[in-house]
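K.L.:
Pasting a structure here, questions to come.
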Amino acid sequence: MKKQLAKILLPILSLGAVIALVTVIGCSNSNSPATSYNDTPNALVAPNYTTSADVVSLENENDFSVLSVAGDDKRSTSDRNPRLIIRCLELNKDQLRKFNEAMSDYEDCIRAAREAYRAAEKSIRERTSAAEREIKAQLKAGTITNEEARAKMKEIGTAARTALQAAKEEYEKAVRGCKDTLFASIEEILVNNPGTGAKQLEIWRNWVKTGKVPCADGKGREPRDSVKR
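Heads up: the sequence shown runs through residues 48 to 276, numbered per this note's numbering.
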């Protein structure tokens, strides 16, 4: 009798487990990316997706404000804070105005990259929700087996991670472009300054290369007094 009952209950419990798993995924879907798996209309939501927070730390428009205080900046060139070297350059008013404009453009560029990434992630997530509803309906209707569901879950999980990775790489490429443009703009500001421009350019390029801040006052304060945040 017990063996017969087990034979009856096992398939029911197995199907119930799959349905429960999909339901759990539905509850946590607001924090999960989806897939761009366009050629799988019956796609199943996969558990344990890597979210945007796990894939990439989105840089905000002030990401150049979190570096160490006075002293050498040992971070890579692309991550060094231009504000750290500004006082050493002794910019004139016109240069300072252009510098602030360049920083403002940089912040806008980073913001646009961030928004584009979030929009891409939202689109992926919405497609996941649609796939989830479809697989729930199939499970309830009995038109899909447990084995098929498991296979689809594995397939859709791989596709989702691939889609998010592509979005991450596009975001990082955009951020690098923002920083490259900023550094090029700063160098142009220095090059186009007759008289002291050559000395400023020497200090700037040495800082870009080595991270050395020659005018650090050693008092634990970042040399950015004259720069608007």
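Glycine included, each C-beta is placed from N, C-alpha and C at the ideal position.
Can you give me the C-alpha to C-alpha distance between A160 and V222, rounded to a whole angstrom?
P.N.:
Translated into positions along the sequence shown, residue 160 becomes position 113. Translated into positions along the sequence shown, residue 222 becomes position 175. Whole-angstrom Cα-Cα distance: 7 angstroms.
K.L.:
Any contact of the stretch 192-201 with the stretch 240-256, i.e. 3+ C-beta pairs under 8 angstroms?
P.N.:
no
K.L.:
Give me the Cα-Cα distance between A177 and R165, rounded to the nearest whole angstrom.
P.N.:
Taking the first residue of the sequence shown as position 1, residue 177 is located at position 130. Taking the first residue of the sequence shown as position 1, residue 165 is located at position 118. Cα to Cα, A177 sits roughly 19 angstroms from R165.
K.L.:
Taking DSSP as the reference, what is the three-state secondary structure of K169?
P.N.:
Counted from its first residue, the sequence shown places residue 169 at position 122. In the structure shown, K169 sits in a helix (DSSP, three-state: H, G or I).
K.L.:
Under the assumption that W254 contacts I133 (Cβ atoms under 8 angstroms), give the Cβ distance between them as a whole number of angstroms.
P.N.:
In the sequence shown, residue 254 corresponds to position 207, counting from 1. In the sequence shown, residue 133 corresponds to position 86, counting from 1. With 8 angstroms as the limit, W254 and I133 do not qualify as a contact, their Cβ atoms being about 10 angstroms apart.
K.L.:
If you run the structure through DSSP and keep just helix, strand and coil, what is E148?
P.N.:
Numbered from 1 along the sequence shown, position 101 holds the residue referred to as residue 148. E148 falls in the helix class under three-state DSSP.
K.L.:
What three-state label does DSSP hand L138 in the structure shown?
P.N.:
Walking along the sequence shown from the start, residue 138 turns up at place 91. L138 falls in the coil class under three-state DSSP.
K.L.:
Quick one: what's got a C-beta closer than 6 angstroms to F111's C-beta in the same chain, skipping five residues either side?
P.N.:
As a first step, residue 111 is located in the sequence shown; it is residue number 64 there, counting from the start. Note that F111 scores 38 on pLDDT, short of 50, meaning its location in the model is unreliable; the coordinates nonetheless yield the value given after this. Excluding sequence neighbours, F111 sits near N128.
K.L.:
Taking Cβ to Cβ, would you say I236 is nearer than 7 angstroms to C135?
P.N.:
Taking the sequence shown and counting its residues from 1, one reaches residue 236 at position 189. Taking the sequence shown and counting its residues from 1, one reaches residue 135 at position 88. Result no, Cβ atoms of I236 and C135 do not sit closer than 7 angstroms.
K.L.:
Quick check on the DSSP output: the alpha helix (DSSP H) that includes K259 runs from which residue to which?
P.N.:
Counting from one through the sequence shown, the residue named residue 259 turns up at place 212. Per DSSP, K259 belongs to no alpha helix (DSSP H) and is neither H nor E.
K.L.:
Evaluate R172 with the Cβ neighbour count: other Cβ atoms within 10 Å of its Cβ, from every protein chain shown; 16 or more gives buried, anything less gives exposed.
P.N.:
As a first step, residue 172 is located in the sequence shown; it is residue number 125 there, counting from the start. Result: buried.
K.L.:
From A231, K140, E168, pick the residue whose C-alpha is nearest to that of T209; which is it?
P.N.:
Indexing the sequence shown from 1 puts residue 209 at position 162. Per the Cα distances, E168.
K.L.:
Would you identify the three-state DSSP class for N253, choosing helix, strand or coil?
P.N.:
Taking the sequence shown and counting its residues from 1, the one referred to as residue 253 is at position 206. N253: helix per DSSP, three-state reduction.
K.L.:
Once DSSP output is grouped into helix, strand and coil, what is the label at N239?
P.N.:
If you number the sequence shown from 1, residue 239 lands on position 192. N239 falls in the coil class under three-state DSSP.
K.L.:
In whole angstroms, what separates the C-alpha of A214 from that of E202?
P.N.:
For the purposes of this step, residue 214 is taken as the residue at position 167 of the sequence shown. For the purposes of this step, residue 202 is taken as the residue at position 155 of the sequence shown. Rounded to whole angstroms, A214 to E202 spans 19 angstroms at the Cα level.
K.L.:
Is the CB-CB distance between C262 and Y153 below 7 angstroms?
P.N.:
Here residue 262 refers to the residue found at position 215 when the sequence shown is read from its first residue. Here residue 153 refers to the residue found at position 106 when the sequence shown is read from its first residue. At a Cβ-Cβ threshold of 7 angstroms, C262 and Y153 do not count as neighbours.
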